[in-house]
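Okay, so the sequence shown: first residue is 1365 according to this note's numbering, each after it adds one.
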Amino acid sequence: MIERLGDSLSVYRQYEELFGHNERFKIALTNVYYHVLVFLKQAKDVFTSKGFRLFGKVFWQPFENEFQSTLESISRHTTQLQEEISLAHRKTVQDTLANQVGLQVSTCEGLRRIEAQSFPRQRLMEWLSPVDMEEVFLRESQRRCEPCGHWLLDQQPYRDWLETSNPRLVWIAGPPGAGKTVLSASIIESVRKAILADPQIICAFFYCDKKKENNQSICTVLVNLLAQILAHLEDIPTFITAVHENAIRFGRFKMAAADMPLALLKRLIKSVKKVYLVIDGVDEFKDPVQVVDTALGLIESLPNVQIILLSRDDPRIKTRTEQHLRITMTPAETSHDMAKFISKAINQLGIPEGTCRKDIEDQILRRASGMFLWAHLVIESLKLATSSREIVDILNHMPTGLEVMYGAILEKLARGPAGRQALAKKILLWIRLSARDLHWNELESAVAVEMSSAGMLELNLPFKSSALELCSPLVEYRAEQDIFRLIHVSVGEFLSSSHFHYQVDDAILPFLISEADGHQELAKTCLRYLSYVACQVVIDPARFPLLDYAVLFWCHHYTNSTFDRDLEHEVTDFLSSKPRRQFWILQLLFLQSSIFPLQRLMKMQRSLAEWIARNAENGFDMSLLDWMQDVPEILIRGQMPLASSNFDCTSQNYKIPPISYFDKMMVIRDLVREFTMSGRLTDGEQWLAEALENQRNTLGQEHISTAWFMNSLGLLYDQQQREELSARTQEQALAIQSLNLGPDHDETRWTINELGRIYRHLHQYDLAEDMHLRSLQVLRNRYPSDNLETAWTLNTLARTYRKQGRYNDALGLHEEAIKIQTEKLGREHPHTLWAITDVARCYHDQGMLQKSAETHQDALFRRERVLGSNHPDTLWTVNDLAIVLGEIGDTDAARRLYQRAWTGQKALLGENHPHSLWTREALRKLSD
1365 MIERLGDSLS VYRQYEELFG HNERFKIALT NVYYHVLVFL KQAKDVFTSK GFRLFGKVFW
1425 QPFENEFQST LESISRHTTQ LQEEISLAHR KTVQDTLANQ VGLQVSTCEG LRRIEAQSFP
1485 RQRLMEWLSP VDMEEVFLRE SQRRCEPCGH WLLDQQPYRD WLETSNPRLV WIAGPPGAGK
1545 TVLSASIIES VRKAILADPQ IICAFFYCDK KKENNQSICT VLVNLLAQIL AHLEDIPTFI
1605 TAVHENAIRF GRFKMAAADM PLALLKRLIK SVKKVYLVID GVDEFKDPVQ VVDTALGLIE
1665 SLPNVQIILL SRDDPRIKTR TEQHLRITMT PAETSHDMAK FISKAINQLG IPEGTCRKDI
1725 EDQILRRASG MFLWAHLVIE SLKLATSSRE IVDILNHMPT GLEVMYGAIL EKLARGPAGR
1785 QALAKKILLW IRLSARDLHW NELESAVAVE MSSAGMLELN LPFKSSALEL CSPLVEYRAE
1845 QDIFRLIHVS VGEFLSSSHF HYQVDDAILP FLISEADGHQ ELAKTCLRYL SYVACQVVID
1905 PARFPLLDYA VLFWCHHYTN STFDRDLEHE VTDFLSSKPR RQFWILQLLF LQSSIFPLQR
1965 LMKMQRSLAE WIARNAENGF DMSLLDWMQD VPEILIRGQM PLASSNFDCT SQNYKIPPIS
2025 YFDKMMVIRD LVREFTMSGR LTDGEQWLAE ALENQRNTLG QEHISTAWFM NSLGLLYDQQ
2085 QREELSARTQ EQALAIQSLN LGPDHDETRW TINELGRIYR HLHQYDLAED MHLRSLQVLR
2145 NRYPSDNLET AWTLNTLART YRKQGRYNDA LGLHEEAIKI QTEKLGREHP HTLWAITDVA
2205 RCYHDQGMLQ KSAETHQDAL FRRERVLGSN HPDTLWTVND LAIVLGEIGD TDAARRLYQR
2265 AWTGQKALLG ENHPHSLWTR EALRKLSD
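Structure follows, in structure tokens:
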């Protein structure tokens, strides 16, 4: 009994902690405690009696009966306490739930508010698509030895720049390897600390990266500065939102020059208290003068912007900034930072304190002449030393100056085994001239290719550690990205130079390769790699990691190389082999993540033809560049019932990989357009008609594979403006597909959609609308809303609505489609630009001529950038813009545009091409 009471009291003490604030619970618990105490008092009196001690076990039961009334009271009050505990628990649960609901409601409301504020900001940042400059800043900050940069930060001119408005612009110039980029990180950190208390003062910055093509334009700089400033603002300015929404409406889902980023940046800077801009590596831009002029324009037009530019001593920059403050990085200025840098690095070598160490540090400091990169290279060399004496010996023989240092490192390589020399040469060449950064598995495959033979690649693959050991300290390995890069841009300049400030050792000459000669070597490697992979029975991407690069960039390297008879033979041999040539085209069209594969193929064809015409000797067979005939052959062969799904370079036994019918027909659609532009529709018709006849003879008139050929012929007939024949051909294909595949199959649906397009050309708009709606309904039910075929169907339906005069309906569909296409393909994909042009035509038909002209201008700007100024699509867009400007009344501008289009079309397509004839007639009418 007493044990049970003890257990209960222990539990009640815990309940008291939980429900002690509940009055009813406290009263019930007090009653229980009282009756327990009464019982214990009674029990004590009994238990302490002398007789009970002797006979307790025998006489306990009679005495328990004596306590019955007290025990009943305890039981009754305990039951009441349990009920109060249950009630208190329910009340607590209810209160908790109510609080949770309130918290959830509050949280949901808060989240909704945050989402409402963050979603437009997220969409805006997606539109800007800035480069992550913060990552570069953090990486450069980690290179510093704190505190550093105070030779500049404590200078009065810098303090004046930071704290006043004079000077407004500072140019910091220094030699290669002097630590300008690391200094820029100290400047940025200094500015951030100074403005921390005022959110209306903002610091933005940009680092140029010569290796990244998209990181060297003034537009990229402006976009990144805009994004950084906006990221600091609590609210997005309405004028930014308006420009963003206008760009989206015109189909520009990524910011471009047409959105006037400089004007936006100026207006944004005006809206805040002050802005500090830091731009590093100005001399590494494609056009440094443009960057400097933009900076000068900002300080001349805005009183609240302060700018620092960092670069090498460039005469072009010097001329532009002669009216502004220049700070030159000299050895005397940076000596304190250099001493700390050297001391820290020497300390990491494990050299004990003492006179010898101090002498080592002093000697490096004295001879570095302010070049941190030189000091770094020296210290890397000292890592191989085994004693203080050896360190002293290395220092005594260490050359002074970056050029001589680079030469000394290469001389050491040149004294090694021939195999190691060859490997180092290849690695340095690929790191320097590759079109993009290569991951290690790509780089090791590239250097494994033998110039004499591409076979046995696996046995040639170098070890990563060996590659780093060989080329260190000229290269660095970035583990987070798994890439190798040159330690400094000046290394690449040295390796490609032919003029030096000292007499170089002849032993290093094999490492010194001009860019043109280097591209020649890389082009040969890519072609050999492609030839090797094309002959494999099974093509495993993991086994051939360089395949993507070789497919995409062999032409880039070829057209940037010097003419070489051996390279010409390599190209001729590769293109003369139909299996290898078509294997490459197949990869480019269907196995690469290119957003416009056929256009890329044709652009490569044109660039090769132009380069050969300028450089190659007479005798090159230009028919080898006629790849248009390869595409239908590849597609036709892909329809044949072959046993193997792989390309075999002996039997040509390969099939198109599993892609959607829509994607395949998009290639055919683009191919037919190319046939049209080149005046070769008859050739295309002949190839397809013969293939269809062969298929019918082999498999039967209504075999499902014949439908694909009829779909293709239907596209071609439409381009020939034989719409009735096109409709009949597509209707025959639809009958076969419906019979064999069913009404909702992807191939059936494609033909239904295409028939809608042909019916529109035949002015049967109601029938066209019905076809498009049938297709669209199946697409929406089966695929996600951002499906590309859905976007295509939205555009085709919108064109029908425009013909019916339903302009608002058409614009809504076009805008929905353009959003999908931009996200999936990019704003400059030809298909996206077609839709943007359609939007311009809707505006034209509504009488909104100014909007129409602006949209056509945007499409023209993008086509010029992607396709070139003389591409047929670009020239036709010139005509589109001329039409609208003529109707606005700007006949002079319209005439100039028509003249430009006609001149280009005559040269490209011929004087009697339908496009040339149309433009000539438009020009004549305008002149009358």
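Where is the CB? At the ideal position from N, CA and C, for every residue including glycine. Computed from a prediction, not measured in an experiment: that's the story for all the values here.
- Query: For the alpha helix (DSSP H) that isoleucine 1691 lies in, which residues bound it at each end?
  - Reply: Here isoleucine 1691 belongs to no alpha helix (DSSP H); instead the beta strand (DSSP E) covers 1689-1692.
- Compare the Cα-Cα distances from threonine 2046 to each of Gln1993, Gln1712 and Gln2214 and report the closest residue. Among Gln1993, Gln1712 and Gln2214, the Cα nearest to that of threonine 2046 is on Gln1993.
- Query: Can leucine 1950 and alanine 1973 be called in contact, C-beta distance under 8 Å?
  - Reply: For leucine 1950 and alanine 1973, no; Cβs fall outside 8 Å.
- Item | Distance between aspartate 1846 and aspartate 1801 (C-alpha atoms, nearest Å) | Straight-line Cα distance between these residues: approximately 10 Å.
- Query: Using the rule of at least 16 other Cβ atoms within 10 Å of the residue's Cβ for burial, across every protein chain shown, is alanine 1709 buried or exposed?
  - Reply: Burial is judged here by how many other beta carbons sit within 10 angstroms of a residue's own beta carbon; alanine 1709 has at least 16 and is buried.
- Message: Looking only at its chain, what residues have a beta carbon closer than 6 Å to the beta carbon of leucine 1674, apart from the 5 residues adjacent to it on each side?
- Response: In the same chain as leucine 1674, and ignoring 5 residues on each side of it, the C-beta atoms closer than 6 Å to its own belong to Ile1536, Lys1544, Ser1548 and Asp1644, in chain order.
- Flag this pair as yes or no: are the beta carbons of glutamine 1670 and tryptophan 1525 separated by less than 8 Å? Yes, these two residues count as a Cβ contact at 8 Å.
- Three-state secondary structure (DSSP) at glutamate 1697? DSSP places glutamate 1697 in helix when its eight states are reduced to three.
- Item | Stretch pair the stretch 2131-2150 + the stretch 2112-2119: three plus CB contacts closer than 8 Å | Touching, per the Cβ criterion.
- Any idea if phenylalanine 1570 is buried or exposed, counting beta-carbon neighbours within 10 angstroms, 16 or more meaning buried? Phenylalanine 1570 comes out buried.
- Query: Where does histidine 2279 sit, in a helix, a strand or coil, going by DSSP?
  - Reply: Three-state result, histidine 2279: helix.
- Task: Kindly confirm or deny that the stretch 1580-1596 and the stretch 1629-1640 touch, where touching means at least three C-beta pairs closer than 8 Å.
- Result: Result yes; three or more Cβ-Cβ pairs closer than 8 Å.
- Identify whether leucine 2177 lies in helix, strand or coil by the three-state DSSP scheme. Judged by DSSP in its simplified three-state form, leucine 2177 adopts helix.
- Task: Following the continuous beta strand (DSSP E) through lysine 1638, name the residue where it begins and the one where it ends.
- Result: That run of the beta strand (DSSP E) goes 1638-1644.
- Query: Is the beta carbon of glutamate 2129 sitting closer than 8 Å to the one on threonine 2093?
  - Reply: Before going further, note that residue 2129 is tyrosine rather than glutamate in the sequence given. No; because the gap between Cβ atoms is not below 8 Å, this pair is not in contact.
- Item | Cβ neighbour criterion (16 or more within 10 Å) applied to lysine 1790 | Buried is the label assigned to lysine 1790, since at least 16 other Cβ atoms lie within 10 Å of its Cβ.
- May I have the straight-line CA-CA distance separating aspartate 2150 from glycine 2169, to the nearest angstrom? The straight-line gap separating the alpha-carbon atoms of aspartate 2150 and glycine 2169 is approximately 27 Å.
- Query: Are the stretch 1880-1890 and the stretch 1839-1857 touching, with three or more C-beta to C-beta distances below 8 Å?
  - Reply: By the Cβ rule, the stretch 1880-1890 does not count as touching the stretch 1839-1857, because fewer than three pairs are nearer than 8 Å.
- Item | Straight-line gap, threonine 1936 to tyrosine 1841 (C-alpha atoms, nearest Å) | C-alpha separation (whole angstroms): 37 Å.
- In chain order, each alpha helix (DSSP H) run of at least 4 residues that lies wholly inside the stretch 1924-1982: Taking only runs of at least 4 residues, the alpha helix (DSSP H) segments lying wholly in the stretch 1924-1982 are 1929-1940, 1942-1950 and 1961-1979.
- beta strand (DSSP E) containing cysteine 1890: first to last residue? If you look at cysteine 1890, you'll find it isn't in any beta strand (DSSP E); it sits in the alpha helix (DSSP H) that goes 1879-1898.
- Task: Assuming phenylalanine 1858 and glutamate 1767 form a contact by the criterion Cβ under 8 Å, report the distance between their Cβ atoms to the nearest whole angstrom.
- Result: Between the beta-carbon of phenylalanine 1858 and that of glutamate 1767 there is about 6 Å, and that keeps the pair under the 8 Å contact cut.
- Query: Looking only at C-alpha atoms, which of Gln1712, Arg1753 and Ala1696 sits nearest to alanine 1732?
  - Reply: That would be Ala1696, whose Cα lies nearest to the Cα of alanine 1732.
- Message: Using a Cβ-Cβ cutoff of less than 7 Å, which residues in the same chain neighbour leucine 1850 once the five nearest sequence positions on both sides are dropped?
- Response: Excluding the 5 residues flanking it on each side, leucine 1850 has same chain C-beta neighbours closer than 7 Å at Ile1795, Arg1796, Leu1838, Val1839 and Gly1856, in chain order.
- If you draw a straight line from the C-alpha of histidine 2178 to the C-alpha of methionine 2041, how long is it? Using only the alpha carbons, I get a separation of about 26 Å.
- Item | Backbone secondary structure at histidine 1863 - three-state DSSP | Assignment of histidine 1863 by DSSP, reduced to helix, strand and coil, places it in the coil class.
- Message: Is the beta carbon of histidine 2193 closer than 8 Å to that of alanine 2204?
- Response: Contact: no.
- Message: Between Arg2121, Ser2069, Leu2077 and Asp2082, which has its C-alpha nearest asparagine 2104's C-alpha?
- Response: Per the C-alpha coordinates, the member of Arg2121, Ser2069, Leu2077 and Asp2082 positioned closest to asparagine 2104 is Ser2069.
- Item | Top-ranked residue by Cα proximity to threonine 1602, from Gln1506, Tyr1640 and Ser1635 | Ranking the options by Cα distance to threonine 1602, first place goes to Ser1635.
- Message: For aspartate 2244 and alanine 2271, I'd like the C-alpha separation in whole angstroms.
- Response: Distance between the alpha carbons of aspartate 2244 and alanine 2271 is about 19 Å.
- Span of the beta strand (DSSP E), counted from its first residue to its last, around alanine 1568: 1565-1571 is the span of the beta strand (DSSP E), which, as asked, contains alanine 1568.
- Put isoleucine 1715 into one of helix, strand or coil per three-state DSSP. Three-state DSSP puts isoleucine 1715 in coil, outside helix and strand.
- Any idea what DSSP makes of glutamate 2066, helix, strand or coil? Three-state DSSP puts glutamate 2066 in coil, outside helix and strand.
- What separation, rounded to the nearest whole angstrom, lies between the Cα atoms of alanine 1831 and serine 1554? Distance between the alpha carbons of alanine 1831 and serine 1554 is about 39 Å.
- Entirely within the stretch 1642-1689 and at least 4 residues each: give me those alpha helix (DSSP H) ranges in chain order. DSSP runs (the alpha helix (DSSP H)) wholly in the stretch 1642-1689: 1652-1665 and 1679-1684.
- Message: I need the straight-line Cα distance from tryptophan 1918 to methionine 1702, nearest angstrom please.
- Response: Answer to the nearest angstrom: the Cα atoms are 43 Å apart.
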